[in-house]
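Below is one structure; the comments refer to it alone.
There are 4 protein chains.
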Amino acid sequence: MVIKVQAAINTHNDKSLKRHREKVELTKNLLELNDGDFERIIDSIKSFQTAIPSWALGTGGTRFGRFPKGGEPRNLEEKIEDVSLIHQLTQASDSISLHIPWDIPKNPASLKKLLQDNGLKIDAVNSNTFQDQSDQKHSYKFGSLCHTDKAVRQQAIDHNIEVVEHGVALGSTMLSVWLSDGSNFPGHHNFRGAYQRTQESLQAIYKVMPASWTMLVEYKPYEPNFYSMVIPDWGTSLKLSEACGDRAHVLVDLGHHLPNTNIEQIVARLLYFGRLGGFHFNGSQYGDDDLTTGAIKPYQLFLIFHELVQGAIDKSIKNPAVAYMIDASHNVKDPLEDLMQSLENIRTSYAKALLVDSALLNKAQRENDVAGAEQIFQKAFQSDVRPLLAEARLRAGGSLDPIDFFRSAKVRDTLIEQRGKQTVATGL
Amino acid sequence: MVIKVQAAINTHNDKSLKRHREKVELTKNLLELNDGDFERIIDSIKSFQTAIPSWALGTGGTRFGRFPKGGEPRNLEEKIEDVSLIHQLTQASDSISLHIPWDIPKNPASLKKLLQDNGLKIDAVNSNTFQDQSDQKHSYKFGSLCHTDKAVRQQAIDHNIEVVEHGVALGSTMLSVWLSDGSNFPGHHNFRGAYQRTQESLQAIYKVMPASWTMLVEYKPYEPNFYSMVIPDWGTSLKLSEACGDRAHVLVDLGHHLPNTNIEQIVARLLYFGRLGGFHFNGSQYGDDDLTTGAIKPYQLFLIFHELVQGAIDKSIKNPAVAYMIDASHNVKDPLEDLMQSLENIRTSYAKALLVDSALLNKAQRENDVAGAEQIFQKAFQSDVRPLLAEARLRAGGSLDPIDFFRSAKVRDTLIEQRGKQTVATGL
Amino acid sequence: MVIKVQAAINTHNDKSLKRHREKVELTKNLLELNDGDFERIIDSIKSFQTAIPSWALGTGGTRFGRFPKGGEPRNLEEKIEDVSLIHQLTQASDSISLHIPWDIPKNPASLKKLLQDNGLKIDAVNSNTFQDQSDQKHSYKFGSLCHTDKAVRQQAIDHNIEVVEHGVALGSTMLSVWLSDGSNFPGHHNFRGAYQRTQESLQAIYKVMPASWTMLVEYKPYEPNFYSMVIPDWGTSLKLSEACGDRAHVLVDLGHHLPNTNIEQIVARLLYFGRLGGFHFNGSQYGDDDLTTGAIKPYQLFLIFHELVQGAIDKSIKNPAVAYMIDASHNVKDPLEDLMQSLENIRTSYAKALLVDSALLNKAQRENDVAGAEQIFQKAFQSDVRPLLAEARLRAGGSLDPIDFFRSAKVRDTLIEQRGKQTVATGL
Amino acid sequence: MVIKVQAAINTHNDKSLKRHREKVELTKNLLELNDGDFERIIDSIKSFQTAIPSWALGTGGTRFGRFPKGGEPRNLEEKIEDVSLIHQLTQASDSISLHIPWDIPKNPASLKKLLQDNGLKIDAVNSNTFQDQSDQKHSYKFGSLCHTDKAVRQQAIDHNIEVVEHGVALGSTMLSVWLSDGSNFPGHHNFRGAYQRTQESLQAIYKVMPASWTMLVEYKPYEPNFYSMVIPDWGTSLKLSEACGDRAHVLVDLGHHLPNTNIEQIVARLLYFGRLGGFHFNGSQYGDDDLTTGAIKPYQLFLIFHELVQGAIDKSIKNPAVAYMIDASHNVKDPLEDLMQSLENIRTSYAKALLVDSALLNKAQRENDVAGAEQIFQKAFQSDVRPLLAEARLRAGGSLDPIDFFRSAKVRDTLIEQRGKQTVATGL
């Protein structure tokens with residue numbers, strides 16, 4: 156049962172409302188925003204929504220261990236409860252992305268209604284061929300869509316098709332494919348063979364997807380395979396997408412790059428090719444660390460959002476709408492707090508990107524005024540946009556300070572009481 | 156019960172003995188080894204032993220999954236069986252390193268006898284404060300020896316002391332400490348405080364260690380914490396070792412370095428300071444990949460062994476004997492085959508390092524003959540030493556081709572039959 | 156001749172003074188700063204000074220080329236002119252660091268006076284044993300302080316001593332030693348020998364340094380040697396410093412780390428050991444890119460400054476005053492604009508670090524409130540401190556907008572007119 | 156004037172000929188090669204040729220300095236002399252790659268004859284838009300083919316066309332394009348604009364290239380630009396090649412990858428797409444270190460050659476012949492020795508790749524015998540093929556030991572005598 160906290164939010168907001176209004180005025184003045192621009196920015200922030208994946212609502216872990224805190228959702232309905240709670244507070248996450256088979260909906264119709272009743276939508280559905288399920292005939296130990304054995308490939312293709320069917324029943328229109336396929340040692344893979352088989356498998360899935368659906372092809376350079384991954388980089392994702400058809404696109408996960416990669420340029424490239432399909436947000440210092448989005452390199456996140464904003468403004472770009480999702484692992488923070496921090500950081504970067512003076516930037520770029528172009532970015536990035544985010548939340552009915560609400564309302568304690576201390580979210 | 160396979164090894168060897176002898180002669184001639192040098196090298200190879208850790212005998216995994224094959228040891232005795240089998244075949248792994256609490260010996264005396272009967276010794280004992288055990292009072296979620304709460308630190312200290320006691324009972328003289336302590340986000344750790352508390356905790360453990368004991372302090376730059384680790388690098392390990400006393404040394408794990416680190420120079424530094432305590436062998440392409448040793452960068456392994464060999468030769472170096480151990484995760488290979496490959500690759504690098512003409516190298520170095528010095532390394536590295544390794548194994552009673560023996564004798568099938576398909580080695 | 160621009164600065168400031176004052180008030184209100192805190196922060200910002208190196212005033216380049224713009228200083232006096240101009244505008248760079256032999260002062264007394272007349276001081280003096288000078292007897296091709304040939308080492312030692320003497324004459328009290336010594340290929344260096352010779356050479360220099368002097372030992376993992384560097388990391392710098400004596404400290408250059416290094420933790424370590432001697436500021440995406448400070452990872456710079464601020468506050472730390480310098484290469488921007496941007500970004504990070512609520516942070520750290528601790532950092536980092544920086548500059552007599560002044564006054568054009576289009580700053 | 160050293164080579168060979176023949180027999184026996192396989196391998200080695208670039212014959216340097224040894228070629232004719240000498244000794248480098256404008260041939264006809272007389276061919280011609288020439292109208296400071304100013308782009312296009320014309324006159328059929336175009340700071344580049352302009356410029360060049368010509372598009376992630384490069388990765392090179400036409404291909408330089416990149420898989424991908432155009436060989440530990448090929452990661456080089464060999468064997472691959480070239484910077488070794496070491500290491504990897512049992516490997520791959528597949532690689536890699544290389548050289552008229560010849564014949568001394576101590580090869 157989803158708890159409605161609107162009244163409690165309002166009460167909580169009341170305490171800081173006066174000061175909030177002052178801050179908004181101060182900020183508007185500092186940023187020299189006229190009413191039109193101010194309203195436009197608030198509206199843009201309000202409408203920027205990021206999906207929450209069903210597997211991110213419990214405590215994550217590493218191969219070395221996992222330290223759950225309790226109160227984790229025990230089933231899909233409770234996961235939706237958690238997403239609803241986050242959305243009520245932040246008004247920034249109006250959809251949930253499902254993972255099959257961790258979250259197979261038993262009754263799609265009632266699930267759709269549950270979502271609808273809570274103002275939520277279904278986002279992409281995600282297949283899983285990186286683990287073996289107990290009832291599975293063939294093992295994915297040595298790969299799935301790339302496997303040398305046709306039977307294993309067919310099983311993986313069938314699984315993906317089944318995932319699409321679940322998605323159709325729920326109203327989704329996107330299939331996210333992340334393959335862990337790869338090799339740990341030189342010699343194991345015939346690189347060309349593995350690529351060709353993967354391409355053929357993806358094509359087989361693509362062919363049976365409904366015409367309204369989009370396939371998102373994710374890439375990752377390493378982990379869980381540590382010598383080669385079949386889809387290690389954007390170049391491979393792009394070529395595979397092109398081989399499938401017009402509705403296959405590249406999915407960028409911020410943690411899936413080699414050290415020092417300029418991710419924002421990759422984003423711009425994919426926009427140029429009209430093939431940027433989706434985004435998995437998270438933070439990283441070393442590799443696929445799956446930390447809170449924006450926790451380590453907030454400026455990089457801003458630079459990425461600059462590309463996304465330009466991608467939306469620039470008429471010459473023919474790219475479909477990008478699907479945004481958080482994909483993080485909440486190992487040491489409360490998962491719900493972690494998600495709310497990510498949502499805040501994502502919108503912070505987005506709002507700052509909205510402040511960039513595009514006309515001035517274009518001029519500086521044309522004239523190769525390097526320092527000047529950088530100043531334009533710095534001016535936007537150094538701006539404090541938190542009052543704008545709070546205002547956008549407030550107008551949508553959310554909390555002025557979601558984490559403070561979460562803590563002062565002792566939500567986690569309540570969840571532990573309801574769900575128990577030792578629960579484990581499916582998929583963890 | 157440990158199976159003795161000497162007779163079977165002999166029978167298996169017989170089939171290739173003639174050809175082996177030819178190969179040895181051909182190699183001796185190609186490498187221009189006189190009898191004295193030849194015997195000296197064979198003896199050196201024979202005596203180079205690497206410990207097997209008790210946790211490396213089952214199928215490893217990643218946070219994404221695990222694909223066990225079956226026949227894994229179900230208890231400490233069966234782990235010793237596996238090590239014994241490997242040692243009978245390779246004659247290269249005469250000791251086992253224990254991990255507490257995964258392998259708490261219930262009857263130390265009988266365990267000691269079991270080891271002795273199989274020509275095995277106990278290597279270092281390893282503490283574990285990176286996971287919570289079900290009977291544990293305080294959680295290590297936020298650290299152990301570095302924890303801000305004195306009670307948690309004391310629990311971790313006590314655990315380490317208990318590990319030493321288990322080790323004493325079994326005849327070990329080394330405590331390996333690897334801490335996962337660290338932080339995932341800026342702000343969580345007071346870096347100086349965390350360091351000071353860790354130092355004090357290590358000193359407390361060091362103080363109660365028997366005088367004959369050595370403490371090995373391992374470092375690792377990231378994972379399972381992804382923003383900071385309390386002991387991220389050799390410099391920190393060294394300073395902590397110095398703060399403890401003369402019998403605390405640095406432990407180098409080949410996978411615990413940032414991208415592109417020159418590990419061989421670190422080894423040389425630690426030898427210079429007389430503080431190289433131990434080695435964890437494994438292979439890596441990206442991070443702590445825990446692959447087969449030598450699987451990715453065999454030349455680097457050779458260069459490291461060059462330092463180790465020089466460290467043993469050079470009278471000016473005052474370094475204790477270095478403890479060698481394999482620390483790998485066997486995710487896709489049969490664990491026993493994987494270990495035997497590692498042992499082979501380790502001795503290959505060692506044998507090649509023995510072939511380096513030190514006098515000539517010293518001359519080239521003094522004269523800054525860069526190309527000449529490199530040629531000396533290349534001459535040794537390009538040499539094919541596999542017949543020398545086989546000869547060393549043969550003389551010690553081992554197999555000419557351990558993996559071929561393992562496969563043709565269908566050892567894994569036998570183990571699965573005995574132990575079952577679904578076994579999971581403790582600690583995995 | 157140094158141009159005094161105070162009057163022009165005042166005129167230029169006048170145009171934006173009113174709006175500046177509004178911004179200061181808005182910011183004070185937004186940040187909820189009472190008068191006491193506000194004044195304390197402005198004072199702190201005002202007193203934070205960073206040295207400019209004499210080699211950073213011209214257009215830099217890479218091994219692939221150099222694209223100078225003209226108007227570069229032709230001698231040491233003109234370099235001082237440029238530093239003076241920057242300091243007049245920013246009031247943030249009250250000292251100059253000299254490089255010998257690029258900037259050997261012919262008349263130290265008059266140079267001292269020139270500096271004094273312009274409110275400037277001498278910072279560290281820097282030796283150069285990474286290039287051969289035309290009048291040099293021995294080559295540094297194969298190293299300097301680490302060289303196998305005693306004569307080369309002695310020449311390098313003598314050079315450093317000569318640098319100290321130049322420094323004494325000018326009133327400096329610090330010698331910065333950066334060694335390019337290393338090797339490009341396995342085999343060339345005997346790692347232990349190279350280290351020992353380097354240590355002995357540094358000790359020889361240290362011994363003759365005046366008692367009031369400090370030696371700063373810089374580290375760098377690679378470039379210009381690409382296999383090993385004799386001083387690749389902080390651990391090596393620290394051990395060498397300890398081997399010299401109490402007045403030898405480690406110098407951290409932000410660009411001198413392997414990918415993904417947590418630099419702020421290294422800073423904290425060195426503060427803990429009381430051995431953080433100096434800082435070279437610059438920005439980097441890949442390696443020693445020598446970009447504008449703060450241009451790529453401003454949050455990391457903030458985190459580093461948090462450690463520095465804590466180092467100054469925390470009574471338990473016994474660290475000498477840290478010497479701050481910019482060390483960048485201005486390849487595509489106007490060098491003076493680039494330096495002013497760096498100075499701004501440095502003070503921005505510093506000011507934000509001053510905003511961190513230490514008491515709250517300590518509490519969150521003690522309680523392992525990971526999300527809470529991070530929020531405290533984010534609150535400070537997200538604050539817009541630019542009006543505070545402008546106020547600090549204004550009070551010190553500087554420009555409200557140095558780069559705008561520089562551009563609107565057409566300073567570069569004037570310099571080109573005076574000094575010519577084809578000038579090359581010494582050392583470039 | 157090219158010196159013919161055949162007689163001297165023969166005399167030098169005579170001293171070690173007997174032992175060489177023994178070694179060949181020992182090796183043949185150890186590797187169990189029958190006469191047919193042996194001859195096939197020797198023939199393959201003999202025919203594997205790598206081009207030498209005209210800029211690699213002098214001492215290279217870094218932005219920190221350059222330490223030339225003397226005797227460097229003063230003009231194109233002397234560069235050809237040096238290549239001829241290397242080829243006479245190694246019989247492994249039958250072509251020279253030219254760089255324009257460093258090596259503009261004044262008299263193409265006589266140059267062609269000079270090459271012909273020495274058994275040499277012209278390889279690819281290389282354009283240079285990463286430096287400004289003194290007679291150049293527009294500067295490349297802010298880019299060339301990507302420049303925002305049409306006039307600069309046209310100048311760069313015209314330069315490339317001129318390079319093609321020089322190449323036509325000499326009989327070349329390949330244009331190598333490496334662009335340093337990129338940006339050092341966020342904001343400077345409009346990523347999409349820069350890409351589009353680059354594509355249009357390349358298309359303009361491609362259009363006027365003769366129909367028999369191939370364009371090679373090189374990629375590099377960083378340096379000399381340190382924030383973004385317009386062509387940073389294989390994906391970008393591939394897309395640009397596809398946009399040009401069937402005769403545009405990707406050029407892989409071994410040093411042009413982010414840390415930990417699996418290069419061999421990239422090679423396999425490009426072969427799969429039929430777009431692997433060329434190779435620049437060198438060695439690297441950190442970045443574009445330009446060390447001797449095979450000096451740091453010889454196993455990786457072997458793995459790359461395995462792909463190249465498979466690419467030549469596998470009938471399903473439709474890839475044009477790959478152009479092989481060494482692209483290194485000889486900073487501390489004698490350039491000619493360095494090149495000969497590279498040639499030796501290249502052929503070593505090639506010969507080992509020829510030893511891989513493809514049929515067995517295919518079987519192991521199909522059956523996912525991970526350890527078995529790796530053993531097949533190790534068996535080939537551990538083999539000592541140096542006697543086979545010597546035999547291939549001997550049969551072609553080369554030296555059994557080129558570096559020993561070079562040193563004992565005191566070639567460098569002779570060159571210094573002829574050309575002087577202070578010469579600088581053009582382009583350095």
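Residue numbers (my numbering), protein chains in the order written: chain A, 156 to 583; chain B, 156 to 583; chain C, 156 to 583; chain D, 156 to 583. All residues carry an ideal CB built from backbone N, CA and C; glycine is no exception. All figures in this text were calculated on a predicted structure; none of them were measured in a lab.
Any beta-carbon of chain C closer than 8 Å to the one on L570/D?
-> Walking along the fourth sequence from the start, residue 570/D turns up at place 415. With 8 Å as the cut-off, L570/D does not count as an interface residue toward chain C.
Which term fits K565/D, buried or exposed, when burial requires 16 or more other beta carbons within 10 angstroms of its beta carbon?
-> Residue numbering aside, residue 565/D sits at position 410 when the fourth sequence is read from its first letter. It counts as exposed.
Expressed to the nearest angstrom, what Euclidean distance is found between the alpha-carbon atoms of L244/D and V160/D?
-> Counting from one through the fourth sequence, the residue named residue 244/D turns up at place 89. Counting from one through the fourth sequence, the residue named residue 160/D turns up at place 5. Cα-Cα distance, rounded: 8 Å.
Assign D249/A to one of two classes, buried (16 or more other C-beta atoms within 10 Å of its C-beta) or exposed (fewer than that).
-> By one-based count along the first sequence, residue 249/A stands at place 94. D249/A comes out buried.
In whole angstroms, what is the alpha-carbon distance linking G442/A and Y350/A?
-> Taking the first sequence and counting its residues from 1, one reaches residue 442/A at position 287. Taking the first sequence and counting its residues from 1, one reaches residue 350/A at position 195. Cα to Cα, the separation comes out at about 24 Å.
Within this structure, are the beta carbons of V238/C and I255/C separated by less than 8 Å?
-> Locating residue 238/C in the third sequence gives position 83, where the first residue counts as 1. Locating residue 255/C in the third sequence gives position 100, where the first residue counts as 1. The answer is no: Cβ separation not under 8 Å.
Can you say whether L172/B is buried or exposed, counting buried as having 16 or more other CB atoms within 10 angstroms of its CB?
-> The sequence position of residue 172/B within the second sequence is 17, counting from 1. L172/B should be labelled exposed.
Interface positions of the segment 178-206 of chain B facing chain D (Cβ-Cβ less than 8 Å), listed along the chain | K178, L181, T182, N184 and L185
Give me whichever residues DSSP pairs with E373/D in a beta bridge.
-> On the fourth sequence, residue 373/D is found 218 positions in, with the first residue counted as 1. L406/D, per the DSSP bridge assignment.
Expected contact under 8 Å - CB spacing of Y382/A and P414/A to nearest Å = Start at 1 with the first residue of the first sequence, and residue 382/A comes out as number 227. Start at 1 with the first residue of the first sequence, and residue 414/A comes out as number 259. 17 Å between Cβ atoms; not a contact.
C-alpha gap between T303/B and G438/B, whole angstroms | Residue 303/B sits at position 148 when you count from the first residue of the second sequence. Residue 438/B sits at position 283 when you count from the first residue of the second sequence. One C-alpha to the other measures close to 35 Å.
CA-CA distance, E462/C and F428/A?
-> Here residue 462/C corresponds to residue number 307 of the third sequence, with the count starting at 1. Here residue 428/A corresponds to residue number 273 of the first sequence, with the count starting at 1. Distance between the alpha carbons of E462/C and F428/A: 44 Å.
Go ahead and label R521/A buried or exposed: buried means 16 or more other beta carbons lie within 10 angstroms of its beta carbon, across all protein chains shown.
-> Translated into the one-based positions of the first sequence, residue 521/A becomes position 366. Burial call: exposed.
Runs of alpha helix (DSSP H) lying entirely within the segment 284-330 of chain B, each at least 4 residues, in chain order = 305-325
So which of Q537/D, L231/D, T284/D and D524/D has the shortest CA-CA distance to N339/A?
-> The residue labelled residue 339/A in the question sits at position 184 within the first sequence. Comparing Cα-Cα distances from N339/A to each of Q537/D, L231/D, T284/D and D524/D, the minimum goes to D524/D.
How should F532/C be labelled, buried or exposed, when 16 other C-beta atoms within 10 angstroms of its C-beta is the threshold for buried?
-> As a position in the third sequence, residue 532/C is number 377, starting the count at 1. The residue is buried, with at least 16 neighbouring Cβ atoms inside 10 Å.
Any residues in the segment 470-489 of chain A with a beta carbon nearer than 7 Å to a beta carbon of chain E? Which ones, in chain order?
-> Annotation note: the requested chain E is absent from the structure, which comprises protein chains A, B, C and D.
Report the rounded CA-to-CA distance for T448/D versus P387/B, giving the unit in angstroms.
-> Locating residue 448/D in the fourth sequence gives position 293, counting from the first residue. Locating residue 387/B in the second sequence gives position 232, counting from the first residue. Straight-line Cα distance between these residues: approximately 32 Å.
Can you list, in chain order, the residues of its chain whose CB lies under 7 Å from that of F193/C, leaving out five sequence neighbours each side?
-> The residue given as residue 193/C occupies position 38 in the third sequence. If we look at F193/C and ignore the five residues flanking it on each side, its Cβ neighbours are K183.
Whole angstroms is fine: what's the gap from V540/B's alpha carbon to F219/A's?
-> Position 385 of the second sequence, counted from the first residue, corresponds to residue 540/B. Position 64 of the first sequence, counted from the first residue, corresponds to residue 219/A. Taking the straight line from one Cα to the other gives about 37 Å.
By Cβ distance below 8 Å, which residues in the same chain neighbour S504/D in space, the five residues on each side in sequence not counted?
-> Start at 1 with the first residue of the fourth sequence, and residue 504/D comes out as number 349. Counting only Cβ-Cβ distances below 8 Å, and skipping sequence neighbours, we find G449, P453, L456, F457, I459 and F460.
Run through DSSP, which three-state label would S202/A get?
-> Walking along the first sequence from the start, residue 202/A turns up at place 47. Residue state, collapsed to three classes: helix.
Comparing the C-beta of T284/C with each C-beta of chain B, is any distance below 8 Å?
-> On the third sequence, residue 284/C is found 129 positions in, with the first residue counted as 1. For T284/C, the answer is no, since every Cβ of chain B falls outside 8 Å of its Cβ.
Is the shortest distance between the beta-carbon of E378/A and the beta-carbons of chain B less than 8 Å?
-> Mapped onto the first sequence, residue 378/A falls at position 223. For E378/A, the answer is yes, since a Cβ of chain B falls inside 8 Å of its Cβ.
H242/C, enclosing alpha helix (DSSP H) - first and last residue = Counting from 1 along the third sequence, the entry for residue 242/C is found at position 87. Taken as a continuous stretch (DSSP letters only), the alpha helix (DSSP H) holding H242/C covers L231 to T245.
Extent of the continuous beta strand (DSSP E) run through M480/A | Start at 1 with the first residue of the first sequence, and residue 480/A comes out as number 325. Taken as a continuous stretch (DSSP letters only), the beta strand (DSSP E) holding M480/A covers A478 to I481.
Establish whether the CB of A545/B and some CB of chain D are separated by less than 8 Å.
-> Here residue 545/B refers to the residue found at position 390 of the second sequence. False, the Cβ-Cβ gap to chain D never drops below 8 Å.
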